[in-house]
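As given, the protein sequences belong to chains A and B, one line each in that order.
Everything in the first sequence is counted per the numbering used here, starting at 79 for the first residue and increasing by one.
Everything in the second sequence is counted per the numbering used here, starting at 221 for the first residue and increasing by one.
Just so you know, even glycine gets a beta-carbon here, dropped at the ideal spot from N, CA and C.
Accompanying notes for the structure given below.
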Amino acid sequence: GESVGLHLPTLSVQEGDNSIINCAYSNSASDYFIWYKQESGKGPQFIIDIRSNMDKRQGQRVTVLLNKTVKHLSLQIAATQPGDSAVYFCAENFSNAGGTSYGKLTFGQGTILTVHP
Amino acid sequence: ETGVTQTPRHLVMGMTNKKSLKCEQHLGHNAMYWYKQSAKKPLELMFVYNFKEQTENNSVPSRFSPECPNSSHLFLHLHTLQPEDSALYLCASSLRRGNQETQYFGPGTRLLVL
């Protein structure tokens, strides 16, 4: 049968506004999370990461929040700029009992962020 | 630049052709990955190599054949592909160290199978 393609969530903001991109992850055992940004014609680019023993982590203009209770991750971008326009992916990873990563990231479907000047 | 390079950046091939994609990482990492990115689908993990040993084959058809001669180089050999194999093929690398393992991606090879 014909496969159904995903309709990526979209977020449109004005330049200078704050952006919040959300992600629901699937595995309650996941202990490490990453946000990636993918611009047109490029590979995913690392933005920020967070371990499961943290609730919040800040970078330059970006903040990641983790709510393990509801398995939710968010990326906040302050003072969004046109150069932030891209597809944003969350990814989750989990480790074995010894604390070693399996190295298998599971990616979300992505959110398209469009920043209008 | 992320330190992961891929060649070629674009490739058009017929279903009877044989071609190879190349990936090289300059980050001193010990694990490398192939992903497939199709339109409107999440990234799909294809293969994982850890210290040159293949540790994951995610049910990939045999018309895709990976090769990892050393920790810095990764190839994906292609033969008798189908039009539905047209996609962006991404290579990534990481440093296996505990549970905090960030993968860094190359720019990808845009493949079109006619």
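- Beta bridge pairing from DSSP links residue 123 of chain A with A:115.
- With distances taken between CA atoms, residue 266 of chain B lies nearest to B:281 out of B:330, B:281, B:272 and B:260.
- By the criterion of at least three beta-carbon pairs nearer than 8 Å, the region 116 to 135 of chain A is in contact with the region 308 to 324 of chain B.
- Residues of chain A whose Cβ lies closer than 9 Å to the Cβ of residue 325 of chain B are, in chain order, 114, 116, 120, 121, 122, 123 and 124.
- Inter-residue distance for residue 303 of chain B and residue 332 of chain B is about 7 Å (C-alpha atoms, whole angstroms).
- The beta carbon of residue 138 of chain A does not come within 7 Å of any beta carbon belonging to chain B, so the residue lies off that interface.
- Put simply, of B:235, B:311, B:292 and B:334 the residue whose alpha carbon is nearest the alpha carbon of residue 229 of chain B is B:311.
- For residue 233 of chain B, the uninterrupted beta strand (DSSP E) run begins and ends at 230 to 233, by DSSP.
- Its chain contains 143 as the residues whose beta carbon lies nearer than 6 Å to that of residue 134 of chain A, once the 5 sequence neighbours on both sides are disregarded; these appear in chain order.
- Residue 304 of chain B carries a helical assignment under DSSP once its states are collapsed to helix, strand and coil.
- Residue 248 of chain B counts as exposed, since fewer than 16 other C-beta atoms from the protein chains shown sit within 10 angstroms of its C-beta.
- Residues are counted here when their Cβ sits less than 7 Å from a Cβ of chain B; for the region 142 to 163 of chain A the count is zero.
- Residue 147 of chain A and residue 222 of chain B have their C-alpha atoms some 34 Å from each other.
- Per DSSP, the beta bridge partners of residue 252 of chain B are B:269 and B:313.
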